[in-house]
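Numbering (our numbering), first residue to last: 1 to 65.
Cβ coordinates follow ideal geometry from the N, Cα and C atoms, glycine included.
No experiment lies behind these values; they were computed from the predicted model shown.
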C-alpha cells in the first residue's frame, strides 16, 4: 500500500509540473502529449511486469495458487 501512495503522489506531482510548463510556455498540446506518452510508457511497463510476475508465480506454485 505504501508504494501505491508514493506512486500517486509522484503522479500528482508530475502532472502539476506539466500544467506549470504548459501555462508558462503556452504549449499545452506538447506538454500534455508528453505527459500522455510518459503515462502510457509507465502503465505499459507496470502491466507487463505484473503479467510476468503472475505467470512466473502460477508456473512455480501451480494453477491452484
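What is the C-beta distance between residue 15 and residue 35, in whole angstroms, given that I count them as a contact (C-beta under 8 angstroms)? Walking along the chain shown from the start, residue 15 turns up at place 15. Walking along the chain shown from the start, residue 35 turns up at place 35. That belief holds up - the Cβ atoms of residue 15 and residue 35 are roughly 6 angstroms apart, short of 8 angstroms.
Assuming residue 11 and residue 22 make a contact with CB atoms under 8 angstroms, what is their CB distance in whole Å? Indexing the chain shown from 1 puts residue 11 at position 11. Indexing the chain shown from 1 puts residue 22 at position 22. Not quite, the Cβ-Cβ distance comes to about 17 angstroms (not below 8 angstroms), so this is no contact.
Can you find the residues in the same chain that come closer than 7 angstroms, C-beta to C-beta, to residue 40, ignoring five residues on each side of it along the sequence? Here residue 40 refers to the residue found at position 40 of the chain shown. Sequence-distant partners of residue 40 (beyond 5 residues in either direction) whose C-beta falls short of 7 angstroms from its own C-beta are missing from its chain.
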